[in-house]
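Have a look at the structure below, then the notes.
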Amino acid sequence: MKRLTKWRLASLFAILALILSGCGKPYLSTLQPAGEVAKTQYDLMKLSTLIMVGVILVVVVIFIVVLVRFRRKDDTIPKQVEGNHKLEIIWTVVPILLLLILAVPTVAATFKLADVSPMDNKNSNALVVNVRAHLYWWDFEYPGKGIVTSQELVVPTNQRVYFNLKSMDVKHAFWIPAVGGKMDVNTDNINKFWLEFDNTKANEAGNLFYGKCAELCGPSHALMDFKVKAISKDKFDSWVTAMKNVKTPQKADSVLAQQGQEIFNKSCIGCHAVTPANNMPETARLAPNLTNFGDRSRVAGILPHTKEEIKNWVRNPETYKPGNKMAGKYPQMSEDQLNALAEYLMGLKVQ
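Numbered according to full-length UniProt numbering, the sequence shown spans residues 1 to 351.
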């Protein structure tokens, strides 16, 4: 009875795992592809799964037929037959054909997805984004636009976006599950690839996708998230123009925000930039760019975008992201100072 109970529990958990594997939001699930790369990878997954399931079914059918038809009926030793050339040819040729059916589209897709020649062509109009991974945040630079931002990647839909990936500390991995990837982010070389964001799928997902670090990089690896705003080409161009118009740090629009700006300039400006040009070299970018912080959807990539969560984060960032490099970099602030700082940060908008 105990064994039967264990098998029932194992079966229940197996069925539950199978059901949950099909769950997912359109902004996060790899099973709801939202771009050309993700669709190509998804089709390859389906093809390989169909081949594997087909092989399993054929083997099971043959096994059952042999088990029933050729079961032992008496003690007589049957005639021993070996070296059936037809069978040997069949079970040699069939796996080769199956491998070719899987290999040809896989190799073709690999070369297609690895083609980043437009980003290396100086005369090309390709949109290039330099992605720089840090413990535990992301830096996005648009070299052709003169813009740097952090934690939220903004991209146009129905257009290929090319990425240069590099880590500034340890090995990471760049992954937007619903759109494609993942790609290693190394310290000693730059990896390149491209993604395309489908406009219809982006609208279904509320124009917001989730990106993650997919390589174990430290105690807050699971919290190294970023958001992707996938918007139409016209809206993207408007965003670029708005960002470019921010030539100097934005002025606070209230007395409380002005107090917060003063606190920011004394305690935070040494690490955080508040202009999108951010002409500092990559190695000197110590913390996320906050130019459009008020337009973002998360605080520190993981917390709800509210003044209260800003205050909670500044009070003790180690509580939320263990091992982050912000802890201990500024003096402790009073409640009034935190209110003023949060007011100023929430006012940093470009649209």
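Glycine included, each C-beta is placed from N, C-alpha and C at the ideal position.
These numbers come from a predicted model, not from an experiment.
Residue(s) in a DSSP beta bridge with residue i
i: Ala133; result: Trp138, Ser167
i: Thr180; result: Before going on, a small fix: residue 180 reads as Gly here, not Thr. Its beta-bridge partners are Ile176.
i: Gly211; result: Phe226
i: Asn312; result: Bridge partners of Asn312: none, in fact.
i: Leu303; result: Val299
i: Tyr162; result: Val128, Trp194
i: Val185; result: His172
i: Ile148; result: Checking the displayed sequence, the identity of residue 148 turns out to be Val instead of Ile. Glu141.
Range of the contiguous beta strand (DSSP E) that encloses residue i
i: Pro156; result: 152 to 156
i: Asn125; result: No beta strand (DSSP E) holds Asn125; DSSP gives it neither H nor E.
Rounded distance between the beta-carbons of residue j and residue i, thought under 8 Å
i: Val107; j: Asn164; result: Contact doesn't hold; Cβ gap of about 25 Å is too wide.
i: Val314; j: Leu341; result: 7 Å
i: Asn289; j: Asn278; result: 5 Å
i: Tyr162; j: Val116; result: 6 Å
i: Phe140; j: Gly35; result: Actually they do not touch by this definition, with Cβ atoms about 18 Å apart.
i: Leu208; j: Val228; result: 7 Å
i: Thr40; j: Leu100; result: About 19 Å; that fails the 8 Å criterion.
i: Asp225; j: Lys212; result: 6 Å
i: Gly294; j: Met326; result: Contact doesn't hold; Cβ gap of about 19 Å is too wide.
i: Gln337; j: Ile263; result: 6 Å
i: Met243; j: Val350; result: 5 Å
i: residue 361; j: Lys171; result: Outside the modelled stretch of the chain, which goes from 1 to 351, sits residue 361, for which no answer is possible.
i: Ser267; j: Tyr330; result: 4 Å
Residue interval of the alpha helix (DSSP H) (run including residue i)
i: Phe236; result: 233 to 244
i: Glu318; result: 317 to 320
i: Phe264; result: 255 to 267
i: Ile101; result: 85 to 113
i: Met346; result: 335 to 346
i: Lys46; result: 36 to 69
i: Thr200; result: 199 to 204
Buried/exposed call for residue i, threshold 16 Cβ in 10 Å
i: Ile147; result: buried
i: Lys46; result: exposed
i: Ala252; result: buried
i: Asn123; result: exposed
i: Pro276; result: buried
i: Arg285; result: buried
i: Thr76; result: exposed
i: Ser167; result: buried
i: Ile231; result: buried
i: Phe70; result: exposed
i: Leu87; result: exposed
i: Val55; result: exposed
i: Glu335; result: exposed
i: Lys79; result: exposed
i: Asn292; result: buried
i: Gln261; result: buried
i: Val37; result: buried
i: Leu348; result: buried
i: Asn245; result: exposed
i: Asn121; result: exposed
i: Glu215; result: buried
i: Ala205; result: buried
i: Ile310; result: buried
i: Thr110; result: exposed
i: Asn265; result: exposed
i: residue 365; result: An answer regarding residue 365 cannot be provided, because it is not within the stretch 1 to 351 covered by the chain.
i: Pro156; result: buried
i: Asn324; result: buried
- Item | At least 3 beta-carbon pairs within less than 8 Å: the region 68 to 83 vs the region 121 to 138 | no
- Item | Cβ contact check for the region 250 to 264 and the region 174 to 181: 3 or more pairs under 8 Å | No, the region 250 to 264 is not in contact with the region 174 to 181.
- Indicate whether the contact test is met: 3 or more Cβ pairs, each with one atom in the region 217 to 229 and one in the region 136 to 144, closer than 8 Å. In short, these stretches touch, since the Cβ pair count reaches three.
- Item | Any 3 or more C-beta pairs closer than 8 Å across the region 264 to 277 and the region 189 to 196 | no
- Message: Quick test of the definition: if touching needs 3 or more C-beta pairs under 8 Å, does the region 196 to 207 touch the region 47 to 64?
- Response: no
- Query: Pairing CB atoms from the region 150 to 159 with CB atoms from the region 291 to 309, are three or more of them under 8 Å?
  - Reply: yes
- Query: Three or more beta-carbon pairs under 8 Å between the region 177 to 187 and the region 26 to 33, yes or no?
  - Reply: yes
- Are three or more beta carbon pairs between the region 317 to 328 and the region 234 to 248 nearer than 8 Å? no
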